[in-house]
Every structure is written in C-alpha cells, then in structure tokens.
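Student: The structure follows.
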Amino acid sequence: MSTQPTTPRTPEQGAPPAEAATRASVPPPVPAVPGAVPPLDFGLKRPAVDEALAARVAQEKFGLDATATELGSNQDRNFLLAVGGANAGVLKIDNAAFGEEELGAQCRAAEALAAAGVPAARFLPGADGERLQRIEDADGVPHFARLMEYLAGGSLVDAGYLSRAALASVGDLAGRVDVALAPLAGPGLRRELQWDLRRGIDVVRRLAGAVPDDGRRQAVLDAAEGAWKAIEAQAPGLPTQPIHGDLTDDNVIGAPGPDGRPLAHAVIDLGDLAIGWRVAEIAVSVSSLLHHRPDDPLACLEAVSAYLEHLQLDEPELRALWPLVVLRAAVLIASGWEQTRLEGDNVYAAERMDGEWEIFAAATSVPLAVGTAAVLERAGVAPVAPAASGSLYAQAPRFSVLDLGVESEELSDGAWLRPGAARGLIEARLGPGSADAVYVHALAPRLDLTPIDSATGGASVPLGATVVHSTPRELLAPGPGIVAAPARPATPEDPTAEGERAPEPQELLLHLDSGDRLLLRGVVRPVRPGAVSAGTVLGHAPSGGVVTVFRLGPAAPEGPAQIPDAVRPAEAGAWRRLLLDPAPWCGVEPLPGGRSPGEEYAARLAVQSSAQEKYYEEPMQMERGWRHHLVDTDGRSYVDLVNNVAGLGHSHPGVREAATRQLGLLNTNSRFLYRELGEYAQRLADLAPEGLDTILFVNSGSEAVDLALKLARAASGRPEVAALREAYHGWTAGADAVTTSAYDSPHALESLPGWVKVLDVPHPLRGAYTGDDAGARYAADAAAALAGWADAGTPVGAFICESVLGNAGGVLLPEGYLAGVYEAVRAQGGLCIADEVQVGFGRMGSHFWGFELQGVTPDLITIAKPMGNGFPIGAVITRREIAEALGREGMFFSSAGGSPLSCAVGQAVLDAMEAEDLQGNALRVGERLRAGLQGLVAKHRLASMVHGAGLYLGLELVRDERTLEPAAAETAAICERLRELGVIVQPTSERQNVLKIKPPLCLDEASADFAVAQIDRVLSEGW
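First residue of the sequence shown: 4, per my numbering; consecutive thereafter.
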C-alpha cells in the first residue's frame, strides 16, 4: 500500500497494497511478542491505533510534536505526520505478524536503494537511535513502529491515463530497484508471504470463495489455473533474488515531467521485500498499470522494454511474465474480497475492489499466448520458423487475389466505407469466365474493416485468409493430424444430422503432426473427429460462401473461441508471432513484406536533412486519405484536423479525374497559348474584389509572397516592407525575409535585412491592448511607426499581413485594425498585401477571403495551399497597373505555374467547392466545432481561449490564466495522446501552445464532435 498521502479516489482506481500478507479466515492467536512469524495463512487485522495514539507514539518514540492523519492500509496502520503544517514523515505501525528480522531487512534494503541512487523512502532513527520502536496498541498487542521519511509527490495510482513515457519510467525504476537489491543478503529475506507469486495459485484456490459473485469467482479461478499451468512449465528456469514485491503504481511516487506528464520517480513501502522470482517484480508492476490503459493492455509492456534495459531476462522468464501478470490480478481479487470479509470496516481494502476488477478484466482480455508473444516481441526473441507446408486442394483453383489493403485501388473514392464493399468486389471476380476462387490475404490490414471516428481503432487486421469459391470445393488435410470435435455440433439443418437441408457452415480444427493447426471457419459437411492422413477430405467450401483459413502456430491459443476473426493494429504484432500465413496451403504467393514505419523513417533520414520537419515522436506512415480521414499502414484511421492543403478533402475524385484527363492531352508551360490558363485566371478574378483583375501564377505560397513583394517594389518604387512580429510567410529568400517568427526562424529578428520593418502583432490575448478599441489603438501605433520610418527617409513600399494570423493559431485581428493600417500605408504611397495562403479560399465560412472579415480590399492577394487540393499551385491576384509595373523590370515566367495541368486541377477545385458548398460547410461545421471548443475553455483549466473562425481555429493552452504562461510542452504531449485516440492535430504559434485546427473543408459534424470529445477526454484523463 502507499504510505504517501493521496487524494481520495474512486474504487476503480486502486489495487491492494503489498502489506496485505494475510492469514486464515479464523486467525490464530496473536504472538505474544513482535517478531514471531506464523506460517503462510490468511487474515491479519490492522493494529488498534488511531490518530491520537499515533501522535503520542510520534512524540514519545521519535521526538516529533506532530499531528497524525491516517493513510490507507490493508493490515498495517500508516499516518502522515505534520509538524507546523509541514509534512515530517510517515509513521508506520507494523502488524504484529511481521518480525524484527523482516523489518530490519527492509531497513537495509532502503539503504541499499539509496546507495545505488534509487530514490526511496528510508527509515529514520527514533529518539534512542533505533529504527524499530516497540509499542503497544489500544488492545495491548505489541507492535513495531517505524518512521519513514516523507517523499514529496503523490503515488501514480491516481494519475489516470499514463503515457508511454510514464509506463516506461515505471519499468525503468523497477529495473534499477532489482539491480540494487540483487546483492542484498542477511536475515529476514526468506519469508512466507501471500503476495509471493510462487504461492499465487494456492492463495487463489483458498480465498476465491470470498468472491461473492459466482460468475466472477469462476472467472478468477479459471484465469489463475490457466496462468499457473503456463508458469509451471517455465518455473524450473525462473531465477530468484530479493525483490521489492509490490512495486506498483500505489508504491511509486511520481514527479511531473516538463510536459506535466507524471513519471515514476521514487519507491516507497518495502513491506513485501523478500526472495522471489526475479521476473515477478516487473509482472507485478505491469499488472498495476493495466487500469491506466484498460483499452490497450499491451501498451503497459512499455514498462517491460524499459526494465530490459537494466536486466536481461531469460527466455523462461519472458514466457512466464504475462501469465504472472494474470495470476497477480487473480490474487488481487481473491485477497481483496477475503480482506473485506474479515474486516468489514476496512474502507481502504473495500474501495479498491472495482479497481482490482478492472485490472483483472484488462489482464484476461489478452489471451495468455498473445500476451506472451507480445513480451517476446518486446524482448527481440526471434519467432518460430514455419513448419513444412502442404495443400488444401487436390488441384489448386485459379485464384484471383483481391487486395483489400490500405493502398488498394479498388477501394478508392471512399468505397471502403460502403457496407458490403468487399462482398461486391468478390462477386465481381467470380462471374462466368473469371477465377475459380477469390483469395484475400491474412495478417495484413484491411481497409474495408477500418472504422472512422474511432478512439480505439477497429479490428482491421484479419487473422485468417478469406476464400470464396465459385463452385463447391473439397478441402483437404495439408498433412497428417487429428481433427478435434467441432466447436458447434451439427443441427437439423446440417446434412450430417437427420434431414437434408442446406448445410450450415461450421468450424473445424485440425491438429497437424507438424505442430501447426488448421482452423477452418465456414466449412460445410466436415469430417468426423479423429485421425486423418494428408489429403483426407476435411469438408467442403460452399459455392459463394466465405471460408476463413487460419494457420495456427504451436504457441497460438488452444481453443478456436480464442481466435478472433480480426484484431486491432495494436495487437497485430503479437498475433503475427502466433499465426502463420496460410497462403502456401492454398497455392497462393505470400504477401510480400514492406518496410515498417520505423524502417521507412530511417530510410528517409538517410537521404534527407535533419532540418526536415516531421509530425510526432514516432511517425505513423500514411498511405491513404479520403475526405477528412487519414489511414496509416497499420490500418488505423484518424480525423485529420491539420490538412488545410487538401481543402476539398483527400483523394478528391474530381481533382484526380481532371489531372488524369489533362495529362492525357497536354502539359506544357505558360509561354504557349492554351485555353485552360485564361479560363482559370478569369474564374479567380471573378472571386476577387472588384479591381483585382490580373493573375500571375506560381507553384507555392512562398513563391506567391516572393512575387507579391517584387510587384510591390516595382509599383511603389520603394524596397522597404512592413511586416508583423511573429509572422510566417514562407521559405524563399523574400518570403523568409519578412518572416519574423522566432519559432520558425530562431534568429529572424536579429538577422532581418534592413528593408524589413516590424510592427507589433495585434494579439487579443497576449498583445498590449484588449477591448473594443484594441484595433484602433494597434492601428494608431502602426501608423505612428510608419510615419517615423517615412520621416527617417525610409517610407515603406508595402505592408504584408495574414488576414487572420494563421501561424498564431487562427488569431482574428481586432476590428478595424487592417482598415487603419491600410489607410496609413496608402497615405504614404505604399501597397497592401493580404497573405491568404492559409486562411483564404472559403475557409472562413462567412466570407471567401479572410480580409473580408475586416471590411478591406488589399492591393495584392497571395494564395496557394487550397488552390490545388494538394497539387502545387500558387498565385498573386492584383490590379493591372501593379502587374504591369513588373514589366518595367523584365519579363515574368514560371515553368509550371499556370501550366495546363495546374489550371485544370485548379478549375476542378473551384467546381467542387461550388458543387459541395464547402464554404457553407466551413461556416456550419466551423460554428459547431468552435462552440464545442469553447465549452472546453469553460470546463478545463488548461484551455484558455478559442481563436479563429470557420474551419481555421486554435485552442490556446496556458498553465496559468493570470500570467498566460504557455503550456508548450503539454500541448505537444496532448497532440501525441490525441494521435492515440485517432485525431491528428499539431501545436502552432510562436510559443507552440495552440492546438491548430484547420481541417479539410469537408469535415462533417460527426467527426467534429468526435474530435472535440477526444480533446475533452485528454484534458480530463491526462496525456
């Protein structure tokens, strides 16, 4: 148990502590003196010590004039001592069953940990210099009292969600503890403890009767027996050493990292110190972590990976580890109920029962074989090579292999989301003159099984191959073996029973002599159980019916009921160690393996600069997009909240068709005359304010900004340009020069060329002015700065500004700001450039252009990202006299800017925006999304302000609402957590503390609501 103070918690949040060494339901007489150690039995009541007696013990034995506040415990008593309001230590009254040698060993262990640099609560000497102090409780029973030093922080048990880093920190701490304890020797280490997992099965068998629910009691017994069977097979190879024995989230003190995520820092409570199986240490730790990640239990193996950095476990230990996790969970349930039966007023024990069941449910949700495979995968143990192969057919059918993977061309245009998509594709391949059968590979993600708007991800990786035959086919044994009894016996509808109705599909399991097993689902007229030889007819594949073929390796779960049709991507790696590819049995070429995301990233790094930005600590590999969804190569879908480049949505068919058609006709450069350029330019001019009638095409937003600056210099005759502080405009020489963001360019302000002048950024949350007159005041300051530069002989020729501060997270300019600045710039003969690369083209919802929110008309508009829906198109829209000024300096030309292909794609984008009312959608869904985010501001301390309009929004996160300290590290960590929950969002702003939300304009209400719900979940549960 934890002897550190924790906040009150609900029953589902805890697990019973290590001190819960118990005896029989009818306890034997209490030993007359402390130190007598009874044999292993059950039922230790807590010492009769209240807070008043604890305070007196603290004063008499340790010289502390302290107040005592009781902390929870199963069989001991623990009190937080405070002197003058400051925590002075934890007073521990040990149960009389624990003797002097045992407690002395714990003191030595605490010193050993400290000597090894492992933060641990040490025992402090009393007034007489001794660490063990003899006392009597209120009933006159003798006990030992000890004073532990107080360690700042709280235990991890109440931390809610634990990140991968937090899980790993627990394993790291466990590894360091075991390294430090390994040399520990002396008396008091060989103990008879209920929590020693070497005795776990006996504990469960003896105490499970205390579990009141019949179903749960049987589940605990079954799980423990199954786990013990697996442990027994490895027991001779399990080394022992001194271990903490209860290194759980309850006994680990957390310290917040820089991003606010708790990390394991220190160890408390050595009450279960004893000789035990070395591997039991990390098994107990992993078990305690399961309730922090109940939807993804195997994620807790991050702790195992970190533990293995300190201690390399032997293969028997690795194979016993997950069964020990399950056994520990069963021991928790049985012991917890026994303790509440014995001592009904022990709130500490009672309140943990729901939490312990959550641990048990998570542990048993993973089959033992799968958990073990996942452990072996973490440890880098090579999988077993496949056995010799055979064939399911006397003569293999002519197979058509159907690709339903993430990159399948047959599932384009959202076909993968249509009900029955796979069945339709299969039937199309089985027509007259077509293939004899269709084969869909096993163990590879299937796009048609991938759900959208899912926090956990769906079961998108099939474990068996799907086979559909055009005519009935006999299925043969690929080798000699024994057919097990079918999981479902024949019914009157089966031809194997009386009556000759249509056969009902059944399961058949063949145990091959080679060690593999063949599991068939959907077979009809199966052979009777018993021995068969190679080539024996096992059953029949019905015409048009689905037969699923599983090839189970020797270590796969035994029963067919434990073999799901498909699993989630997070579980697939473990299952791939247990199942083999059945393709060779069917006469089909195995699916070639590709590079993992990690290998792909390494390959990219080998040929790219480290300056290339990336998303996420460990990037997922995206190979499919549709509308506002992305799908990675593992078969996990995400709501895309950052891709304003794909304004229409990913993989828009109209854009693809336009590009394909134009590539089949002509693609050249704009020096030639062709229809597409004039048509597209006119459509853009029609969308611009009156007077902005001339279009110059380039390939990107950076080039558009560069060209706009060149045009402004030519037209005004002045090189000087005013830009806002914290602005980002691009990476070309000119665009980078007016980029003042210290995040994007750390030395921007100190390396600005002389012709760039910087104005203060009018930020409504962080700027100098707030309130209704903020826009006018910021504009007046800007006008004064402009006048000052003019008086100094350097009047600006242009002012460039994003119409909405996209780089800041969609920050809206205060009302009247652009009108005031534009007026001041033009009064001096300068030109005004509206950078609409990120925020324009319908994204605001209420207006097509961002500058329309301010009621102004610029002299030049730069636009790019959304113009081509991912295809590189950029443009400057301006007045003819400004454009003609460029001719005085030379001719203009861009090789691909305004090409037939670019213009065809650009027109297709405009067509789709109109046909699908995407600007209207940006208004409707944007308002809904903004309202949802605003609700989070009202609910969560970290959420400070919602910026933006339409579908360009930002949620600003701060640590302190008064000082506005940016929560930058937290924002990055929150993005990592949202990725796990199926939402793509990234940090932005100068301080990187704003969640930038700029999705494709097709974002629908369901996905918007899903995204808000996941952000709410993260801010509530942790990251």
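Backbone N, C-alpha and C fix where the C-beta goes; we use that ideal spot for every residue, glycine too. Computed from a predicted structure; not experimentally measured.
#1: Within 10 Å of its beta-carbon, does alanine 35 have 16 or more other beta-carbons around it, so buried, or fewer, so exposed?
#2: What does the Cβ neighbour count give for arginine 476, buried or exposed, with the cut at 16 atoms within 10 Å?
#3: Hey, lysine 868 and valine 908 are a contact pair by Cβ (cut 8 Å); roughly how many whole angstroms apart?
#4: Note down, one range per segment and in chain order, each beta strand (DSSP E) of at least 3 residues found wholly within the segment 606 to 637.
#5: Could you pull out every residue in the same chain whose Cβ sits closer than 6 Å to the Cβ of arginine 344, ignoring the five residues on either side in sequence?
#6: Taking just the CA atoms, how far does lysine 64 sit from glutamate 152?
#7: For the beta strand (DSSP E) that contains valine 997, what are its first and last residues?
#8: On the three-state DSSP scale, how would you describe glycine 845?
#9: Taking all protein chains shown into account, decide if serine 1023 is buried (16 or more other Cβ within 10 angstroms of its Cβ) or exposed.
#10: Which residue spans inside the segment 168 to 227 form an unbroken beta strand (DSSP E) run of at least 3?
#11: Excluding the 5 residues preceding and the 5 following aspartate 497 in the sequence, name in chain order all residues of the same chain whose CB lies nearer than 7 Å to its CB.
#12: Let's see if you can read the secondary structure: which residues bound the beta strand (DSSP E) around serine 546?
#13: Under the rule that 16 or more other beta-carbon atoms within 10 Å means buried, what is threonine 697, buried or exposed?
#14: Run through DSSP, which three-state label would asparagine 77 get?
#15: My output table needs one value for histidine 295: the three-state DSSP class, helix, strand or coil.
#16: Which residue wins for smallest C-alpha separation from glutamate 887, given the options Glu305, Leu939, Arg994 and Lys713?
#17: Nearest CA to the CA of glycine 408: which residue from Glu660, Thr742, Ala141 and Ser640?
#18: Counting pairs of Cβ atoms below 8 Å between the segment 952 to 967 and the segment 840 to 860, do you hit three or more?
#19: Please look up how many angstroms separate the CB atoms of alanine 302 and arginine 167, rounded, as I've assumed it's under 8 Å.
#20: Nearest-angstrom Cα distance between alanine 946 and arginine 829?
#21: Strictly by DSSP, which residues pair up with glycine 957?
#22: Less than 6 Å between C-beta atoms, sequence neighbours within five positions excluded: which residues of the same chain meet that for threonine 459?
#23: Look at aspartate 451 and leucine 478 and say whether their C-beta atoms are less than 8 Å apart.
#24: Since I believe asparagine 996 is in contact with glutamate 959 (beta carbons under 8 Å), could you give me their beta-carbon distance rounded to a whole number of angstroms?
#25: Tell me which residue opens and which closes the alpha helix (DSSP H) that glutamine 831 is part of.
#26: For valine 940, tell me which candidate among Leu926, Val961, Met623 and Ala925 has the shortest Cα-Cα distance.
#27: Taking alanine 100 as the reference, which of Ala115, Leu84, Asp79 and Ala970 has the closest Cα?
#28: First and last residue of the alpha helix (DSSP H) that includes phenylalanine 65?
#29: Between which two residues does the alpha helix (DSSP H) carrying glycine 562 extend?
#30: So methionine 916 is in the alpha helix (DSSP H); what residue range does that whole segment cover?
#31: Going by DSSP in three states, tryptophan 1026 sits in which element: helix, strand or coil?
#32: Just tell me which of His766, Ala730 and Val759 has its CA closest to the CA of proline 749.
#33: With a CB to CB cut of under 8 Å and the five nearest residues on each side skipped, what residues in its chain are close to arginine 944?
#34: CB-CB under 8 Å to threonine 974, same chain, minus the five flanking residues each way: which ones, in chain order?
#35: Let me check understanding here. Comparing Cα to Cα, which of Thr474, Gly482 and Arg891 lies closest to serine 719?
#36: Measure the C-alpha to C-alpha separation of valine 634 and glycine 590 and round it to an integer number of angstroms.
Tutor: In short:
#1: In the sequence shown, residue 35 corresponds to position 32, counting from 1. Confidence at alanine 35 is low in this model, with a pLDDT of 28, below 50, so its placement is unreliable and no value can be given for it.
#2: Translated into positions along the sequence shown, residue 476 becomes position 473. Looking at its Cβ environment, which holds 16 or more other Cβ atoms inside 10 Å, arginine 476 is buried.
#3: On the sequence shown, position 865 is the one that residue 868 refers to. On the sequence shown, position 905 is the one that residue 908 refers to. Wrong, their Cβ atoms sit about 13 Å apart, outside the cutoff.
#4: 625 to 629 and 632 to 635
#5: Within the sequence shown, numbered from 1, the residue matching residue 344 stands at position 341. For arginine 344, where only same-chain residues beyond five positions count, the Cβ hits under 6 Å are Ala213.
#6: Position 149 of the sequence shown, counted from the first residue, corresponds to residue 152. Position 61 of the sequence shown, counted from the first residue, corresponds to residue 64. So the two alpha carbons sit approximately 15 Å from each other.
#7: In the sequence shown, the residue the question calls residue 997 occupies position 994. 997 to 1000 is the extent of the beta strand (DSSP E) around valine 997.
#8: Position 842 of the sequence shown, counted from the first residue, corresponds to residue 845. Looking at glycine 845 - three-state DSSP - the assignment turns out to be coil, as it is neither helix nor strand.
#9: Stepping through the sequence shown from its first residue, residue 1023 is reached at position 1020. Classification of serine 1023: exposed, given that the 10 Å Cβ count is below 16.
#10: none
#11: Within the sequence shown, numbered from 1, the residue matching residue 497 stands at position 494. Because aspartate 497 carries a pLDDT of 40, less than 50, the predicted location of this residue cannot be relied on, and no value is offered for it.
#12: The sequence position of residue 546 within the sequence shown is 543, counting from 1. Neither: serine 546 is in no beta strand (DSSP E) and is coded neither H nor E.
#13: Along the sequence shown, read from residue 1 onward, the residue named residue 697 stands at position 694. The residue is buried, with at least 16 neighbouring Cβ atoms inside 10 Å.
#14: Numbered from its first residue, the sequence shown carries residue 77 at position 74. Coil, per DSSP.
#15: Translated into positions along the sequence shown, residue 295 becomes position 292. Histidine 295 falls in the helix class under three-state DSSP.
#16: Looking up residue 887 in the sequence shown gives position 884. It is Lys713 whose Cα lies nearest to the Cα of glutamate 887.
#17: Looking up residue 408 in the sequence shown gives position 405. Closest by alpha carbon: Ser640.
#18: yes
#19: In the sequence shown, residue 302 corresponds to position 299, counting from 1. In the sequence shown, residue 167 corresponds to position 164, counting from 1. Correct: roughly 7 Å between the Cβ atoms.
#20: Working through the sequence shown from its first residue, we reach residue 946 at position 943. Working through the sequence shown from its first residue, we reach residue 829 at position 826. Spanning the two alpha carbons is a distance of roughly 39 Å.
#21: By one-based count along the sequence shown, residue 957 stands at place 954. Answer by DSSP bridge pairing, in chain order: His950 and Lys999.
#22: Reading the sequence shown from its first residue, position 456 is the one you call residue 459. Cβ within range, chain order: Asp298.
#23: If you number the sequence shown from 1, residue 451 lands on position 448. If you number the sequence shown from 1, residue 478 lands on position 475. No. Outside cutoff.
#24: Start at 1 with the first residue of the sequence shown, and residue 959 comes out as number 956. Start at 1 with the first residue of the sequence shown, and residue 996 comes out as number 993. Rounded, the Cβ-Cβ distance is 6 Å, consistent with contact.
#25: In the sequence shown, residue 831 corresponds to position 828, counting from 1. Unbroken run through glutamine 831: none, as it is neither H nor E.
#26: In the sequence shown, counting from the first residue as 1, residue 940 sits at position 937. Looking at the Cα atoms, Val961 is the closest of the given residues.
#27: Position 97 of the sequence shown, counting from 1, holds the residue named residue 100. With distances taken between Cα atoms, alanine 100 lies closest to Asp79.
#28: The residue labelled residue 65 in the question sits at position 62 within the sequence shown. It spans 54 to 65 - the alpha helix (DSSP H) in which phenylalanine 65 sits, taken as one unbroken run.
#29: Numbered from 1 along the sequence shown, position 559 holds the residue referred to as residue 562. Careful: glycine 562 lies outside any alpha helix (DSSP H) and carries neither H nor E.
#30: Taking the first residue of the sequence shown as 1, we reach residue 916 at position 913. Here the alpha helix (DSSP H) through methionine 916 covers 903 to 918.
#31: Taking the sequence shown and counting its residues from 1, the one referred to as residue 1026 is at position 1023. Coil, per DSSP.
#32: Within the sequence shown, numbered from 1, the residue matching residue 749 stands at position 746. For proline 749, the nearest C-alpha among the options comes from Ala730.
#33: Here the question's residue 944 lines up with position 941 in the sequence shown. So the qualifying residues of the chain are Glu964.
#34: For the purposes of this step, residue 974 is identified with residue 971 of the sequence shown, where counting begins at 1. Closer than 8 Å at the Cβ level, and outside the excluded window around threonine 974, lie Leu960, Pro990, Gln995, Asn996, Val997 and Leu998.
#35: Indexing the sequence shown from 1 puts residue 719 at position 716. When each option's Cα is compared against that of serine 719, the closest is Arg891.
#36: Here residue 634 corresponds to residue number 631 of the sequence shown, with the count starting at 1. Here residue 590 corresponds to residue number 587 of the sequence shown, with the count starting at 1. Straight-line Cα distance between these residues: approximately 30 Å.
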